[in-house]
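>
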Amino acid sequence: MEYLGIVFQPIALFTIFLGTVAGVAIGGMPGLTATMAVGLLVPFTYTMDPTMGLMLLGGIYCGAMYGGSIPAILLNTPGTPAAVATAIEGFPMSQKGKAGLALKVSVVASFVGGSFSVLILLMFAPMLAQQALHFGPAETFLLALMGLAGIISIADENSSLIKALIAGLLGMIIAIVGTDDMSGSLRYTMGYVELIDGVDFMPALIGLFSMIQMLELAGIRKKHEIDTSTLHKKQKSDPLPKGISKHIALGSATGTVIGVLPGEGATIAAFISYNISKRISKTKELFGKGNPEGIAAAESGNNGCVGGSLVPTLTLGIPGNSVAAALMGAFIIHGMIPGPDLFNEYADHTYPFIISLFIANLVFLGVGLTVAPYLARIALIPPAILVPVVSAFAVLGSYALNNSVFDIYLMIAFAVFGLILKKLGFSLEALILGLILGPIAEGGFTQGMIIGKGSPWIFFESPIAKVMWVIILLLLLPPLYSYFKHTTLVKAPDAD
Amino acid sequence: MPKKYVDRALLLFFIVMAVLLYLSTASYPGIAKTTSAYYVKFLAVFIGILSVIQLLISLAKDIDYTRLHLSEHMPRFLGLLVSLIIFGLVFEHLGFFISAGIFIPLVALILGYRNYLTIVITTVSVLVFVYLVFVKLLSVNLPGLS
Chain H
1151 MEYLGIVFQP IALFTIFLGT VAGVAIGGMP GLTATMAVGL LVPFTYTMDP
1201 TMGLMLLGGI YCGAMYGGSI PAILLNTPGT PAAVATAIEG FPMSQKGKAG
1251 LALKVSVVAS FVGGSFSVLI LLMFAPMLAQ QALHFGPAET FLLALMGLAG
1301 IISIADENSS LIKALIAGLL GMIIAIVGTD DMSGSLRYTM GYVELIDGVD
1351 FMPALIGLFS MIQMLELAGI RKKHEIDTST LHKKQKSDPL PKGISKHIAL
1401 GSATGTVIGV LPGEGATIAA FISYNISKRI SKTKELFGKG NPEGIAAAES
1451 GNNGCVGGSL VPTLTLGIPG NSVAAALMGA FIIHGMIPGP DLFNEYADHT
1501 YPFIISLFIA NLVFLGVGLT VAPYLARIAL IPPAILVPVV SAFAVLGSYA
1551 LNNSVFDIYL MIAFAVFGLI LKKLGFSLEA LILGLILGPI AEGGFTQGMI
1601 IGKGSPWIFF ESPIAKVMWV IILLLLLPPL YSYFKHTTLV KAPDAD
Chain F
72 MPKKYVDRAL LLFFIVMAVL LYLSTASYPG IAKTTSAYYV KFLAVFIGIL
122 SVIQLLISLA KDIDYTRLHL SEHMPRFLGL LVSLIIFGLV FEHLGFFISA
172 GIFIPLVALI LGYRNYLTIV ITTVSVLVFV YLVFVKLLSV NLPGLS
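From first to last, the protein sequence lines are chains H and F. Each residue of the first sequence is one higher than the one before, starting from 1151 at the first, in our numbering. Each residue of the second sequence is one higher than the one before, starting from 72 at the first, in our numbering.
Here it is as structure tokens:
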């Protein structure tokens, strides 16, 4: 009740409303993502009350995840990558004059998926966090390795599996710059006093996820022509089709489970939910031509990721995806280290934050049911206006946390280096996860070595450690096997 | 430059970095020799091995001469990058509002936008928004306001 009281204060409700509406607007702008928005705003929450700051960011996360579906349905222009599957079914529906129904299915599915995942977060996160109390330094190190092993699943057609691992390790190496906690001596700072405390991951996050997008947008030669015909078409709003709830339930469960896995994002959740829905549908032939079942599965899937991704983030300090990594940054800058403490010592911040996510879902449900068609016009803002505005905020955000111009240059350096890595197929999500997991891994490793009196067997001794090694192997071996099998199969025809 | 060459050069850089990182642990003092140094060695060994494997895979494949294009429109890309660096340089001296007041319209023009009224309205709106929300509401310290 005490936590509900915090959430239902007028200022808190206003903050959630503001964050969610801003999130819907940001999600509706192609090229802008939830990670970018949350990453940009984290430094500004430093001066805010921690609970309010987290509520604002949580609202943005929920809102942006839904917002991407509006231009996907009305303009065939997904606001976020997670809304691509929604566009496949949504736009054909709009062309048939059924945009009202598509938008309604999208917002209801997003609401159910989002609320379900937050419920799971609320129910299971405290229990999981209590389990983390049994973790010693060795298990903490293995936990970080598990997160790194999860990076493998980030590898997709654009980033090779080995390169994803290299990027993760590179992030961990960047994280060792600064003061060595064991000896108190400086390492790899190259004489820069700004690096004494290490490389702050906020400028890195802003550079890798916000500035890169702006550099890419700035360099696009051909303008993407957006089909606005459906905005001028008369649209009907039919009631929700029968049987849609099955697809919403399926997407919600799939999205939540996928969200829990470290490294897996909303885009994957949306596509997997969409594909399962297609497989079990009685109207398979309508998929690709405007089937509301596809929208229901994809949207409940990507919004299901919200709560799911926060489970490992808040309980174990392993971000479920890049947005959760940015949110974790918000907890850290307020001195709240993810783990059991969040649910005990900082419970008065954590529980109101989780409850606020329910409110955020309600806010975007209201927004979606009333003004969604008008919000689609946000997607029409020209990149030439968007780029300088977001870039100015990126500079401001990088500077604001430490009042340091050095951080601005760090952000620019990460953007340029990150762009090169991205073009060469290295995973940027892996890089940022490595940067975040690095200090956790090092802390666990060094303390484990002290307890084990210099023997690495400490990392294999406890039953929990043994189970964790099995999980790490299970995470690593199947993708590695299929990767090498695929490489061999691709190489074989070349040999002929 | 072909993408493959840049890729291989970067992998070579990672291998050299791994070797240097490994060697650097010899100078770790006191307790760090048996703790942090092992961790750094662990990272160096793994990134080194993975970079060698990736380099061998790359060498075994036919050379793809696709060039590495950081951007389709290099002048605009570089224009934004240079503007950002200058923005960072003058940020503390001129303050956020003056430097952003120049940066936003300048970048919009570099990117080929010519609707001057929209540029002015956007710039003023952003500055007013930053002042009201970040300075007044969130009490964020911005240079140039003290």
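Cβ coordinates follow ideal geometry from the N, Cα and C atoms, glycine included.
Taking the alpha-carbon of D1534 of chain H as reference, which of F:F200, F:T194 and F:V204 has the nearest alpha-carbon?
Start at 1 with the first residue of the first sequence, and residue 1534 of chain H comes out as number 384. The residue asked about is misnamed: residue 1534 of chain H is Ala in this sequence, not Asp. The shortest C-alpha separation from A1534 of chain H is found at F:T194.
> Hey, how far is the Cα of I128 of chain F from the Cα of L114 of chain F?
The residue given as residue 128 of chain F occupies position 57 in the second sequence. The residue given as residue 114 of chain F occupies position 43 in the second sequence. Rounded to the nearest angstrom, the two C-alpha atoms are 21 Å apart.
> Do T1170 of chain H and V1539 of chain H come within 7 Å of each other at the CB atom, strictly closer than that value?
In the first sequence, residue 1539 of chain H corresponds to position 389, counting from 1. In the first sequence, residue 1170 of chain H corresponds to position 20, counting from 1. Result no, Cβ atoms of V1539 of chain H and T1170 of chain H do not sit closer than 7 Å.
> Let's see if you can read the secondary structure: which residues bound the alpha helix (DSSP H) around K1428 of chain H?
Translated into the one-based positions of the first sequence, residue 1428 of chain H becomes position 278. A1416 to I1430 is the span of the alpha helix (DSSP H), which, as asked, contains K1428 of chain H.
> How about L1358 of chain H and L1578 of chain H: are their beta carbons less than 7 Å apart?
If you number the first sequence from 1, residue 1358 of chain H lands on position 208. If you number the first sequence from 1, residue 1578 of chain H lands on position 428. Contact: yes.
> Does DSSP put T1656 of chain H in a helix, a strand or coil?
Residue 1656 of chain H is absent from the structure shown; chain H starts at 1151 and stops at 1646.
> Per the DSSP calculation, L1546 of chain H is bridged to which residue(s)?
By one-based count along the first sequence, residue 1546 of chain H stands at place 396. Beta-bridge pairing links L1546 of chain H to no other residue.
> Determine whether the beta carbon atoms of A1475 of chain H and I1582 of chain H lie at a separation below 7 Å.
Taking the first sequence and counting its residues from 1, the one referred to as residue 1475 of chain H is at position 325. Taking the first sequence and counting its residues from 1, the one referred to as residue 1582 of chain H is at position 432. Result yes, Cβ atoms of A1475 of chain H and I1582 of chain H sit closer than 7 Å.
> Hey, how far is the Cα of V123 of chain F from the Cα of L1320 of chain H?
By one-based count along the second sequence, residue 123 of chain F stands at place 52. By one-based count along the first sequence, residue 1320 of chain H stands at place 170. The straight-line gap from Cα to Cα measures roughly 14 Å.
> For chain H, check one thing: does any of its Cβ atoms lie closer than 7 Å to the Cβ of T105 of chain F?
Position 34 of the second sequence, counting from 1, holds the residue named residue 105 of chain F. Closer than 7 Å to some Cβ of chain H, the Cβ of T105 of chain F qualifies, so yes.
> Using DSSP with H/G/I as helix, E/B as strand and the rest coil, what is R185 of chain F?
Translated into positions along the second sequence, residue 185 of chain F becomes position 114. Coil.
> Give a yes or no on whether 7 Å exceeds the smallest Cβ distance from V206 of chain F to chain H.
For the purposes of this step, residue 206 of chain F is identified with residue 135 of the second sequence, where counting begins at 1. No, because no Cβ of chain H sits closer than 7 Å to the Cβ of V206 of chain F.
> For a cutoff of 7 Å on Cβ pairs, would you count G1527 of chain H as touching chain F?
Start at 1 with the first residue of the first sequence, and residue 1527 of chain H comes out as number 377. The question names Gly, but residue 1527 of chain H in the sequence shown is Arg. So no, R1527 of chain H is outside the interface.
> For the candidate residues F:Y99, F:K75 and F:F84, whose alpha-carbon lies nearest to that of M1332 of chain H?
Along the first sequence, one-based indexing puts residue 1332 of chain H at 182. Of the candidates F:Y99, F:K75 and F:F84, the one whose C-alpha sits nearest the C-alpha of M1332 of chain H is F:Y99.
> Quick check on DSSP: helix, strand or coil for R147 of chain F?
What you label residue 147 of chain F is simply residue 76 of the second sequence in a count that begins at 1. Helix, per DSSP.
> Please list, in chain order, the residues of the segment 1313-1330 of chain H that have any C-beta partner in chain F closer than 7 Å.
Per Cβ criterion, the list reads K1313, L1315, I1316, L1319, L1320, M1322, I1323, I1326 and D1330.
> What residue from H:E1239, H:P1180, H:F1158 and H:L1283 has the CA that sits closest to I1614 of chain H's CA?
Taking the first sequence and counting its residues from 1, one reaches residue 1614 of chain H at position 464. Among H:E1239, H:P1180, H:F1158 and H:L1283, the Cα nearest to that of I1614 of chain H is on H:L1283.
> Could you check which residue in H:F1194, H:L1492, H:H1484 and H:L1519 has the C-alpha nearest to that of V1461 of chain H?
By 1-based counting over the first sequence, the position of residue 1461 of chain H is 311. Ranking H:F1194, H:L1492, H:H1484 and H:L1519 by Cα distance to V1461 of chain H puts H:L1492 first.
> Terminal residues of the continuous alpha helix (DSSP H) containing I1370 of chain H?
What you label residue 1370 of chain H is simply residue 220 of the first sequence in a count that begins at 1. Premise fails: I1370 of chain H is in no alpha helix (DSSP H) and is neither H nor E.
> Would you mind working out which of H:I1482, H:A1259, H:M1215 and H:V1537 sits nearest M1134 of chain H, comparing C-alpha positions?
In this structure chain H extends from 1151 to 1646, so residue 1134 of chain H is not present and cannot be described.
> Just to confirm, is the Cβ distance from L1569 of chain H to L141 of chain F under 7 Å?
Locating residue 1569 of chain H in the first sequence gives position 419, counting from the first residue. Locating residue 141 of chain F in the second sequence gives position 70, counting from the first residue. Closer than 7 Å, so yes.
> Are the CB atoms of T105 of chain F and G1604 of chain H nearer to each other than 7 Å?
Mapped onto the second sequence, residue 105 of chain F falls at position 34. Mapped onto the first sequence, residue 1604 of chain H falls at position 454. A contact, by the Cβ cut-off of 7 Å.
> Is the CB of K1635 of chain H under 7 Å away from at least one CB in chain F?
Counted from its first residue, the first sequence places residue 1635 of chain H at position 485. By this cut-off, K1635 of chain H is not an interface position.
> For the putative contact between I1608 of chain H and G1598 of chain H, defined by C-beta atoms under 8 Å, what is the C-beta separation to the nearest angstrom?
Translated into positions along the first sequence, residue 1608 of chain H becomes position 458. Translated into positions along the first sequence, residue 1598 of chain H becomes position 448. So it is a contact: roughly 5 Å between Cβ atoms.
> Based on the DSSP secondary-structure assignment, which residues constitute the bridge partners of P73 of chain F?
Locating residue 73 of chain F in the second sequence gives position 2, where the first residue counts as 1. Paired residue(s): F:R138.
> Between which two residues does the alpha helix (DSSP H) harbouring S1506 of chain H extend?
Your numbering for residue 1506 of chain H matches position 356 in the first sequence. That run of the alpha helix (DSSP H) goes A1497 to L1525.
> Cutting at 7 Å between CB atoms, please list the residues of its own chain near I1504 of chain H, excluding the five before and the five after it.
Taking the first residue of the first sequence as 1, we reach residue 1504 of chain H at position 354. Closer than 7 Å at Cβ, skipping near neighbours: V1268, L1271 and L1272.
> Could you name each continuous alpha helix (DSSP H) segment of 4 residues or more that falls completely within the segment 1216-1300 of chain H, going from the start of the chain to the end?
Counting only runs of 4 or more, we get 1219-1225, 1234-1245 and 1249-1281.
> So G1369 of chain H and E143 of chain F are in contact, right, with Cβ under 8 Å, and what is the actual spacing, rounded?
Looking up residue 1369 of chain H in the first sequence gives position 219. Looking up residue 143 of chain F in the second sequence gives position 72. At roughly 5 Å, the Cβ-Cβ gap stays under 8 Å, so G1369 of chain H and E143 of chain F are in contact.
> In whole angstroms, what separates the C-alpha of L1507 of chain H from that of N1452 of chain H?
Translated into positions along the first sequence, residue 1507 of chain H becomes position 357. Translated into positions along the first sequence, residue 1452 of chain H becomes position 302. Taking the straight line from one Cα to the other gives about 15 Å.
> Determine the closest residue to N1471 of chain H out of H:I1483, H:H1484 and H:V1456, with distance taken between C-alpha atoms.
Locating residue 1471 of chain H in the first sequence gives position 321, where the first residue counts as 1. Selected option, being the one with the closest Cα: H:V1456.
> Would you list the residues sitting across from T1329 of chain H in a DSSP beta bridge?
One-based indexing of the first sequence puts residue 1329 of chain H at position 179. The partner list for T1329 of chain H (beta bridge, DSSP) reads H:L1336.
> Note down, in chain order, every chain H residue with its Cβ under 9 Å from the Cβ of L127 of chain F.
Residue 127 of chain F sits at position 56 when you count from the first residue of the second sequence. Per Cβ cutoff of 9 Å: no residues; L127 of chain F is ~10 Å from chain H at best.
> Is there a Cβ of chain H sitting closer than 7 Å to that of H144 of chain F, yes or no?
As a working mapping, residue 144 of chain F is identified with position 73 in the second sequence. It does; some Cβ of chain H falls within 7 Å.
> Nearest-angstrom Cα distance between E1307 of chain H and M1322 of chain H?
For the purposes of this step, residue 1307 of chain H is taken as the residue at position 157 of the first sequence. For the purposes of this step, residue 1322 of chain H is taken as the residue at position 172 of the first sequence. Unreliable positioning characterises E1307 of chain H in this predicted model, as indicated by a pLDDT of 48, which lies under 50. The coordinate reading is nonetheless provided below. Approximately 24 Å between the Cα atoms of the pair.
> Are the Cβ atoms of V1473 of chain H and Y1211 of chain H separated by less than 7 Å?
Taking the first residue of the first sequence as position 1, residue 1473 of chain H is located at position 323. Taking the first residue of the first sequence as position 1, residue 1211 of chain H is located at position 61. Against a cut-off of 7 Å, the Cβ pair of Y1211 of chain H and V1473 of chain H comes out as a contact.
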